[in-house]
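Worksheet: the structure to be examined is printed underneath.
2 protein chains.
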Amino acid sequence: MSEDIRPGEIAVTLPEKFDAGLYFIGRIRTPWKERGECPKNARGSDAVCTIELDPRYAAALDGVASCSHLVVLYFMHEARRDLVVQVPRHGERRGTFAIRSPVRPNPVAMSVVRLIDIHGIILKVVGLDCLDGTPLIDIKPYFASVDSVPEATVGWHKKD
Amino acid sequence: MSEDIRPGEIAVTLPEKFDAGLYFIGRIRTPWKERGECPKNARGSDAVCTIELDPRYAAALDGVASCSHLVVLYFMHEARRDLVVQVPRHGERRGTFAIRSPVRPNPVAMSVVRLIDIHGIILKVVGLDCLDGTPLIDIKPYFASVDSVPEATVGWHKKD
Numbered sequence: 001m002s003e004d005i006r007p008g009e010i011a012v013t014l015p016e017k018f019d020a021g022l023y024f025i026g027r028i029r030t031p032w033k034e035r036g037e038c039p040k041n042a043r044g045s046d047a048v049c050t051i052e053l054d055p056r057y058a059a060a061l062d063g064v065a066s067c068s069h070l071v072v073l074y075f076m077h078e079a080r081r082d083l084v085v086q087v088p089r090h091g092e093r094r095g096t097f098a099i100r101s102p103v104r105p106n107p108v109a110m111s112v113v114r115l116i117d118i119h120g121i122i123l124k125v126v127g128l129d130c131l132d133g134t135p136l137i138d139i140k141p142y143f144a145s146v147d148s149v150p151e152a153t154v155g156w157h158k159k160d
Numbered sequence: 001m002s003e004d005i006r007p008g009e010i011a012v013t014l015p016e017k018f019d020a021g022l023y024f025i026g027r028i029r030t031p032w033k034e035r036g037e038c039p040k041n042a043r044g045s046d047a048v049c050t051i052e053l054d055p056r057y058a059a060a061l062d063g064v065a066s067c068s069h070l071v072v073l074y075f076m077h078e079a080r081r082d083l084v085v086q087v088p089r090h091g092e093r094r095g096t097f098a099i100r101s102p103v104r105p106n107p108v109a110m111s112v113v114r115l116i117d118i119h120g121i122i123l124k125v126v127g128l129d130c131l132d133g134t135p136l137i138d139i140k141p142y143f144a145s146v147d148s149v150p151e152a153t154v155g156w157h158k159k160d
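Residue numbers (this note's numbering), protein chains in the order written: chain A, 1 to 160; chain B, 1 to 160.
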């Protein structure tokens, strides 16, 4: 965890104790070994990545093959958690909840992926942009009826 | 946490220790005080719900007002975590990762919500279906470019 802070960034003191715990239920294998190599966003890459599920949870994949897309939650375990205002390298100063930076109080990332193949506890997917070895937290079916909002806008983003 | 298990359901032994911790960063206020009252899915309700953020993180909301929609992560703290195969009350037997049930190894729920209003640390949103008092984990901007997949399908769902 880096303790560097850029001009304009704001850190807070985090609570002394956690309120709940997470199990790492698998690992994500990607071509990217360092932060600088990761695509700027997941649509920037067609790379097929691999999700390796802990065999303990194998039975939980029953029915997943019928999903064209999945919601994947994973844990950005290398990110610091105390910044509430951030200044991205090539961006403006923003509140942490207005950006998708891994740096946040709970560094749980969410990606929508296309399912290419599933074989035993190994899933091949397109749409991830995380570091190789990132811990997996959850897999969910993606329902267009509730998860897809094509008309959604982010005001600050339109200026880019 | 209920220890009831329905015929056909499968429980596993969870790891002895957690791998990471979560902070509860706020609370979600909804009209639903008991599980049975919650809408079957979030699009089934136009109810305006309230997100109350812990004041510690107030600065992290800078820029959020410009988002039409948000990704909200929250913790289903009353759900058991050991079922890998489930039999919903009105559904077929399925693997946990093929359904959106709160019962899962890491009961972190993801909802896409429409932002109605934001005032200080209070957000008014539409699109939640959780119990009143549910702990908040994260707020992210929803980017249609990566998060919206209107053509996504779930095979087992089409039979319904």
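Backbone N, C-alpha and C fix where the C-beta goes; we use that ideal spot for every residue, glycine too.
Quick caveat: nothing in here was measured; it's all calculated off a predicted structure.
| query | result |
| --- | --- |
| Closer than 6 Å: A:I99 CB and nearest the ligand FAD heavy atom | As for the ligand FAD, it is missing from this structure, which has no ligand bound. |
| Distance, A:R93 Cα to B:L123 Cα | 21 Å |
| Sufficient close CB pairs (3 or more, under 8 Å) joining the stretch 93-110 of chain A to the stretch 48-55 of chain A | no |
| Closer than 7 Å to chain E by CB, A:K124 | The structure shown contains no chain E; its protein chains are A and B. |
| Contact residues within the stretch 5-26 of chain B, judged by C-beta distance below 9 Å to chain A | I10, V12, T13, L14, P15, K17, F18, D19, A20, G21, L22, Y23, F24, I25 |
| Other residues of its chain near B:D132: CB distance less than 8 Å, five sequence neighbours each side excluded | I28, R29, T30, P31, W32, K33 |
| Spatial neighbours of A:D147 in its chain, beta-carbon cut-off 8 Å, leaving aside the 5 residues before and after | V71, V112 |
| Chain A within 7 Å of B:M110, Cβ atoms only | yes |
| CB contact check: A:D147 to chain B, cutoff 7 Å | yes |
| Given B:F75 as reference, the closest of B:E151, B:S45, B:S101, B:Y57 once Cα atoms are compared | B:S101 |
| A:P88, DSSP secondary structure in three states | coil |
| Rounded separation between A:D4 and A:L61 - CA only | 40 Å |
| Residues that A:R80 contacts on chain B, provided the C-beta gap is smaller than 8 Å | Residues of chain B passing the Cβ test: none, with the nearest at roughly 13 Å. |
| Cβ neighbour criterion (16 or more within 10 Å) applied to B:T13 | exposed |
| Rounded separation between A:A98 and B:K140 - CA only | 6 Å |
| Contact check, B:P107 vs B:A79, beta carbons under 7 Å | yes |
| Unbroken beta strand (DSSP E) run spanning B:S145, endpoints | Unbroken run through B:S145 is the alpha helix (DSSP H), 144-147; no beta strand (DSSP E). |
| B:K140 - containing beta strand (DSSP E), residue span | 134-141 |
| Check whether B:H69 and B:P135 have beta carbons under 7 Å apart | no |
| C-beta contact flag for B:A20 and A:L22 at 7 Å | yes |
| Residues bridged to B:Y74 (per DSSP) | B:A109, B:L136 |
| Three-state class that DSSP yields for B:E16 in the structure shown | coil |
| For B:V154 and A:C67, believed in contact at Cβ under 8 Å, the rounded distance | 5 Å |
| Closest residue to B:D129 among B:G36, B:I25, B:Y142 (Cα-Cα distance) | B:G36 |
| For A:A109 and B:V149, believed in contact at Cβ under 8 Å, the rounded distance | About 17 Å separates the two Cβ atoms, so there is no contact after all. |
| Chain B within 7 Å of A:A47, Cβ atoms only | no |
| Whole-Å CB distance - A:I116 paired with A:V64, under 8 Å assumed | No, A:I116 and A:V64 are not in contact; Cβ-Cβ is about 12 Å, not under 8 Å. |
| Contact residues within the stretch 49-70 of chain B, judged by C-beta distance below 7 Å to chain A | R56, Y57, A59, A60, L61, D62, G63, V64, S66, C67, S68, H69 |
| Which of helix, strand or coil DSSP assigns to B:E52 | strand |
| Under 7 Å between C-beta atoms of B:G8 and B:V103 | no |
| Backbone secondary structure at A:R35 - three-state DSSP | helix |
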